[in-house]
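So the sequence lines, in the order shown, correspond to chains A and B. Letter 222 of the first sequence, counting from 1, is numbered 222 in this note's numbering, and no numbers are missing. Letter 132 of the second sequence, counting from 1, is numbered 132 in this note's numbering, and no numbers are missing. Backbone N, C-alpha and C define an ideal beta-carbon position, used for all residues, glycine too. All of these numbers come straight from a predicted model, not from anything done at the bench. Notes for the one structure printed next.
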Amino acid sequence: MSGYIEGILVILLLNIVFAYAVYWPLAAGQLNLGVAGFVGIGAYASAYASNEYGVPPYLASLGAALVTFAAAIIIAVPVLRTRGIYLALATFAFGQVLHSLFLNLDVVGGAAGYPVNAYIGIGGIATCALGVFLVTLFLDRTRFGLNMVAVHHDNAVSDLFGINVRLYQTLAFAIGAGIAGLGGGLYGHHFSYIEPQNYTILFSIFVVLFVLLGGTQTVFGPLLGAIFFTLLPEALRASEEWRYAIFAVLIIGTMILRPQGLFTVHEIRIFRRLFDRGTPPGRAHG
Amino acid sequence: MADVLCLEGISKSFGGLEVIKNLSFAVARGQRTALVGPNGAGKSTVFNLISGVYPVTAGRIRVNGRDITEVPSRLRMRCGVSRSFQNIRLVPHLSVLENVMIGQTPRISGPADILYPLRLVRGSRWQREALAALDRVGLAEFAGSQAHDLPYGVQKQIEIARALLGGADVLLLDEPAAGLNAQETEDLMARLESISGQGATIVVVEHNMQFVGALCGHVIVLDFGEKIAEGTPAEVRREPRVVEAYLGVNAA
């Protein structure tokens with residue numbers, strides 16, 4: 001594999017991980033603009049653990065996921081009191097606070113950045129990305145996933161049907177944060193260097209953008225969004241000066257033509273009809 | 001205790017406006033009761049108080065003899081009351097089967113049930129049970145359809161199937177016959193009769209008085225948040241205050 005292709009693939013795999021970090025809160029109706037902050041916590045915490053204490057990099061990255069999961073449960077207490085646009089603003093503010101924290105934390109290099117000694121290769125990142133996808137896919141197919149959809153769609157009815165709305169919202173936020181922390185650990189250990197500038201609001205917005213354009217109705221939307229928005233700019237490299245203009249036009253076109261995202265429940269049903277000739281009860285109609 | 005649902009001196013105020021005034025009534029097990037009254041009489045508010053959407057200002061609510069007045073709304077279905085809604089409250093992009101399976105939530109116990117991949121495994125206990133509930137309201141053929149593809153009347157009945165699945169003793173149905181044609185109304189009536197024949201207690205809010213007269217043996221008439229009559233359909237129709245509330249004072 002050429003270095004170029006491997007480089008693109010690593011970014012694609014990391015973007016898939018980050019996509020699910022944003023997808024989980026979105027699946028419960030929360031726009032998390034602070035995902036970069038959680039990625040940063042994961043990157044710094046795992047790098048510090050492997051540099052200072054010799055923790056194996058995979059263990060450090062998984063540990064980072066647990067740390068960000070726990071941190072998110074605490075942060076959820078004030079942040080999830082807000083709704084809609086105010087929730088987005090609260091998470092945005094949280095991301096900004098963390099960014100300035102990283103800038104001023106001398107123990108991990110502050111603005112100068114922080115070198116990471118241990119290394120995680122593409123195989124490890126691919127395994128983790130696959131793991132994140134499969135866990136998300138599985139959870140979506142459980143009652144947990146079904147109730148999450150219910151909570152997203154109608155808090156009041158979910159509550160009357162016995163769903164603990166606050167618990168589901170908190171878990172969605174925290175699972176997303178845990179995945180973000182894992183992604184941060186992988187990122188740091190692959191690129192061997194992290195700095196506060198990696199974890200700004202632009203990062204959060206970019207991930208949210210490709211998840212929304214991929215679609216949040218199904219678990220496949222974020223995957224497709226990540227693939228589309230990692231590979232497309234590369235495919236457009238042929239026309240160097242126009243590539244971002246073309247990219248922007250494609251994004252706007254997607255928003256107009258596919259407001260629910262590239263991949264929705266509708267596509268699932270088409271696939272099901274194509275592959276599912278023997279139709280058991282309950283899945284027969286489309 | 002024969003009364004499965006019992007309201008004792010219920011009042012509800014929104015700010016200075018008292019919308020339910022000292023309302024008491026009891027519903028016996030297996031009985032089919034209608035809550036009727038002009039628009040704004042407070043019928044849906046009574047449902048919202050019983051299901052816990054709003055706290056009561058005064059009074060007690062009992063289900064199966066148990067005082068549920070202070071029980072949070074999330075746990076009331078486990079105490080035995082389930083409901084449908086006046087406006088459709090389904091998840092439009094989920095299938096009918098998935099929508100009704102949400103109604104099973106009050107009966108799940110523990111992480112094994114929560115992490116059971118019920119949207120992956122076909123023919124699971126949960127799916128079979130949900131299909132059976134759809135069958136009871138005559139909608140099994142729509143199980144795989146997306147909720148928003150279906151007509152209004154069908155969606156209203158899906159809500160009934162969802163409410164059935166909670167395993168509650170009392171079903172509160174908010175205008176179940178709204179938007180149905182004559183044939184559908186008749187079918188609905190037959191199904192509700194069979195559901196109540198199997199032991200469920202049904203309370204409906206309904207404007208269709210023919211429907212009420214045919215289905216319910218027990219009618220409670222509300223006007224401006226007060227109970228103005230209670231009895232069989234024939235009895236309440238003779239009450240001067242009921243005629244007045246519906247037709248105005250001169251007609252009475």
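Uninterrupted alpha helix (DSSP H) stretches inside the segment 168-196 of chain A (no shorter than 4 residues): Listed in chain order, the alpha helix (DSSP H) elements of length 4 or more contained wholly in the segment 168-196 of chain A amount to none.
L186/A classed as buried or exposed, judged by whether at least 16 other C-beta atoms fall within 10 angstroms: Classification for L186/A: buried.
Option nearest I201/A by Cα separation, candidates N147/A, A172/A, S100/A and Y244/A: Of the candidates N147/A, A172/A, S100/A and Y244/A, the one whose C-alpha sits nearest the C-alpha of I201/A is S100/A.
Residue burial classification, Q31/B (beta-carbon count within 10 angstroms, cutoff 16): Under a 10 Å Cβ-count criterion, Q31/B is classified as buried, with 16 or more other Cβ atoms of the shown protein chains found around its own Cβ.
Neighbourhood of V27/B by C-beta, 8 Å cutoff - its chain only, sequence neighbours within 5 removed: Once the five neighbours on either side are set aside, the close Cβ partners of V27/B are D3, V4, L5, C6, T33, V170, T201, V203 and H218.
Beta-ladder partner(s) of G231/B, from DSSP: Per DSSP, V219/B.
Under the three-state DSSP convention, the category G9/B falls into: In this structure, G9/B counts as strand in the three-state DSSP scheme.
Chain A contact for R89/B (CB, 8 Å cutoff): Cβ-Cβ to chain A under 8 Å: yes for R89/B.
Beta-carbon spacing of G179/B, G144/B below 8 Å: Their beta carbons are not under 8 Å apart, which means G179/B does not touch G144/B by this criterion.
Contact list for the segment 159-192 of chain A against chain B, Cβ threshold 7 Å: For the segment 159-192 of chain A, which is checked against every Cβ of chain B, the residues closer than 7 Å are D159, L160, F161, G162, I163 and N164.
C-alpha distance - V165/A paired with I75/A, whole-angstrom precision: Those two C-alpha atoms are separated by around 17 Å.
Buried or exposed by the 16-neighbour rule on C-beta atoms within 10 Å, applied to A156/A: Result: exposed.
Cβ shell of A174/A (< 6 Å), same chain only, five flanking positions each side left out: Setting aside the 5 residues that flank it on each side, A174/A is surrounded in the same chain by F69, A72 and I73, each with a C-beta closer than 6 Å to its C-beta; the list follows chain order.
Three-state secondary structure (DSSP) of V63/B: Reduced to three states, the DSSP call for V63/B is strand.
CB contact check: G179/B to chain A, cutoff 8 Å: Nearest CB-CB separation between G179/B and chain A: not below the 8 Å threshold.
The segment 24-37 of chain A: positions lying closer than 8 Å to chain B by Cβ: The segment 24-37 of chain A vs chain B, Cβ under 8 Å: nothing.
Given I311/B as reference, the closest of A245/B, I10/B and Q157/B once Cα atoms are compared: Residue 311/B is absent from the structure shown; chain B starts at 1 and stops at 252.
Cα-Cα separation between N15/A and A147/B, rounded to whole angstroms: Going from the Cα of N15/A to the Cα of A147/B covers about 33 Å.
Run of the beta strand (DSSP E) containing I68/B, from where it starts to where it stops: According to the DSSP assignment, I68/B belongs to no beta strand (DSSP E), since it is labelled neither H nor E.
Reduced DSSP secondary structure (H/G/I, E/B, other) of I160/B: In this structure, I160/B counts as helix in the three-state DSSP scheme.
Every unbroken alpha helix (DSSP H) inside the segment 220-279 of chain A [4 residues or more]: As far as the segment 220-279 of chain A is concerned, its whole alpha helix (DSSP H) runs of at least 4 residues are 220-235, 243-257 and 265-275.
Under the three-state DSSP convention, the category H285/A falls into: Only weak support exists for where H285/A lies, its pLDDT of 40 falling under 50; the value from the coordinates is given anyway. It is coil, neither helix nor strand.
Start-to-end residues for the alpha helix (DSSP H) that takes in A130/B: That run of the alpha helix (DSSP H) goes R125 to R136.
Exposure of S109/B, with buried meaning 16 or more beta-carbon neighbours within 10 Å: Only exposed fits S109/B, as fewer than 16 other CB atoms lie within 10 angstroms of its CB.
The segment 125-133 of chain B contacting the segment 101-108 of chain B, beta-carbon criterion three pairs below 8 Å: Touching, yes, given that three or more Cβ pairs across the two stretches are closer than 8 Å.
Proximity below 8 Å, CB of A229/B to CB of V236/B: Contact: yes.
8 Å contact criterion, which L137/A and V208/A should meet: CB distance rounded: Actually they do not touch by this definition, with Cβ atoms about 21 Å apart.
For I20/B, the first and last residue of its enclosing beta strand (DSSP E): Counting along the chain, the beta strand (DSSP E) containing I20/B begins and ends at L17 to A28.
Where P176/B falls, given that 16 or more other Cβ within 10 Å makes a residue buried: With 16 or more other Cβ atoms within 10 Å, it is buried.
Within 9 Å of chain B by C-beta, residues of the segment 141-152 of chain A in sequence order: Correct list: R141, T142, R143, F144, G145, L146, N147, V149, A150 and H152.
Alpha-carbon to alpha-carbon, A64/A and C128/A: Straight-line Cα distance between these residues: approximately 13 Å.
Proximal residues of chain A, C-beta to C-beta of P282/B below 8 Å: An answer regarding residue 282/B cannot be provided, because it is not within the stretch 1 to 252 covered by chain B.
Distance cut-off 7 Å: D140/A Cβ against heavy atoms of the ligand NAP: Annotation note on the ligand NAP: not contained in the displayed structure, which lists no ligands.
Paired residues, beta bridge with L172/B - DSSP: Paired residues: R83/B and V203/B.
E226/B - partner residues in DSSP beta bridges: E226/B is bridged to D223/B.
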